[in-house]
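Participant: After the structure tokens below, expect a handful of questions from me.
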Amino acid sequence: MGNALVNEKNNARYGNGSIEKGILRSVVRESWKGKIADTKNGNRLISVLDDHASRMEHILDTFDYGALCMPNIISNSKHMTISELASYLAAVEAIATGYSYKFNSEFVNIFIAGLTLKSRDPYSITRHFNNYVSELEAKHNHYMAKAEKENKTVNELASKLKSSESSIFRFLRSREIRVLRKRIDKRLTRATRFSGRAERFSGIVSKMRGITGR
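Just so it is clear: in the sequence shown, position 112 is 113 by my numbering, and no numbers are missing.
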């Protein structure tokens with residue numbers, strides 16, 4: 002009880018580390034901002050990159066992105082126009098969004114660091130975006146096909162069940178009817194599960210395309 006009260010007071014006082022995190026975030030941001038402040042279009046770049054960093058921190062729920070990935074982004078930005086950079090950053094955000102559905106923020110952060118180190122222009126990052134979207138769409142189609150197969154089986158079983166239930170010898174087919182009903186329930190459950198997975202992948206793709214406008 003005493004420890005709980007102490008923890009509650011400390012959380013109220015320090016905001017569960019939010020003050021410390023805010024300070025670290027500011028230090029990291031000022032560090033990378035200082036590297037481009039005196040470059041051509043420095044103020045415009047800072048505005049674009051600052052917005053990007055904020056969105057990525059929201060996507061990944063971490064401020065480590067600034068320290069781990071922004072140096073790569075800044076280096077890559079030197080070879081792009083503002084419009085090319087905006088397209089590049091949107092693709093990075095979309096890819097991070099897609100991967101964050103499956104992996105934790107630490108992994109995605111490291112992955113994006115490697116990706117931005119390798120993909121240094123809008124064309125290479127777009128290629129990775131397209132490949133990942135194609136992979137997700139393939140998974141969507143795979144699970145939709147499985148759901149359709151299960152639904153087809155359900156319709157076939159339902160037809161047999163209807164025939165058995167309408168038979169004048171229905172009382173002799175009670176076991177068969179019970180088995181058919183169980184098989185239908187099982188197939189419906191599988192169809193629903195596969196449909197849910199297909200919709201999940203479709204939703205991820207939709208969100209990624211919404212970010213990039215592609």
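Backbone N, C-alpha and C define an ideal beta-carbon position, used for all residues, glycine too.
This one's a predicted model, so the numbers in the text were calculated from it and none came from an experiment.
Under 8 Å: do the stretch 102 to 112 and the stretch 145 to 162 share three or more Cβ pairs, one atom per stretch?
Facilitator: no
Participant: For Arg121, does the three-state DSSP call read helix, strand or coil?
Facilitator: Correct three-state label for Arg121: coil.
Participant: Classify Ser167 as helix, strand or coil using the three-state DSSP reduction.
Facilitator: coil
Participant: In angstroms with no decimal places, state the Cα-to-Cα distance between Asp62 and Ala97.
Facilitator: 11 Å
Participant: Taking only runs that begin and end inside the stretch 41 to 97, name each unbroken alpha helix (DSSP H) of 4 or more residues, in chain order.
Facilitator: 43 to 61, 65 to 69, 71 to 78
Participant: Assuming Leu223 and Ser78 form a contact by the criterion Cβ under 8 Å, report the distance between their Cβ atoms to the nearest whole angstrom.
Facilitator: Because the chain in this structure spans residues 2 to 215, residue 223 falls outside the shown range and cannot be described.
Participant: Since Ser196 and Leu181 should fall inside the 8 Å C-beta cutoff, what is the C-beta to C-beta distance between them, to a whole number of angstroms?
Facilitator: Incorrect: roughly 22 Å between the Cβ atoms, too far for contact.
Participant: Return the first residue and the last residue of the alpha helix (DSSP H) that Lys187 is part of.
Facilitator: Residue range 175 to 213 is occupied by the alpha helix (DSSP H) that includes Lys187.
Participant: Using the Cβ count rule (16 or more neighbours within 10 Å means buried), how would you classify Leu118?
Facilitator: exposed
Participant: When we look at the beta-carbon of Arg217 and count the other beta-carbons within 10 Å, is it buried (16 or more) or exposed?
Facilitator: With the chain represented from 2 up to 215, any question about residue 217 goes unanswered, as that position is not in the structure.
Participant: Classify Tyr144: buried if its beta carbon has 16 or more other beta carbons within 10 angstroms, exposed otherwise.
Facilitator: buried
Participant: Taking only three categories from DSSP, how would you classify Asn156?
Facilitator: helix
Participant: Any idea what DSSP makes of Lys161, helix, strand or coil?
Facilitator: The three-state secondary structure of Lys161, taken from DSSP, is helix.
Participant: Quick check: the Cα distance between Asp65 and Val93, rounded to an integer number of angstroms?
Facilitator: 16 Å
Participant: Nearest to Ala199 by CA position, among Asn73, Lys140, Met57, is which residue?
Facilitator: Lys140
Participant: Between the C-alpha atoms of Ile205 and Ser101, what's the straight-line distance to the nearest angstrom?
Facilitator: 10 Å
Participant: Just to confirm my understanding: we take Ala95, look at its own chain, exclude 5 residues before and 5 after, and list those with CB closer than 7 Å. What are they?
Facilitator: Close CB contacts of Ala95 within its chain, under the 7 Å cut and outside five residues either way in sequence, are with Phe130, Met209, Ile212, Thr213 (chain order).
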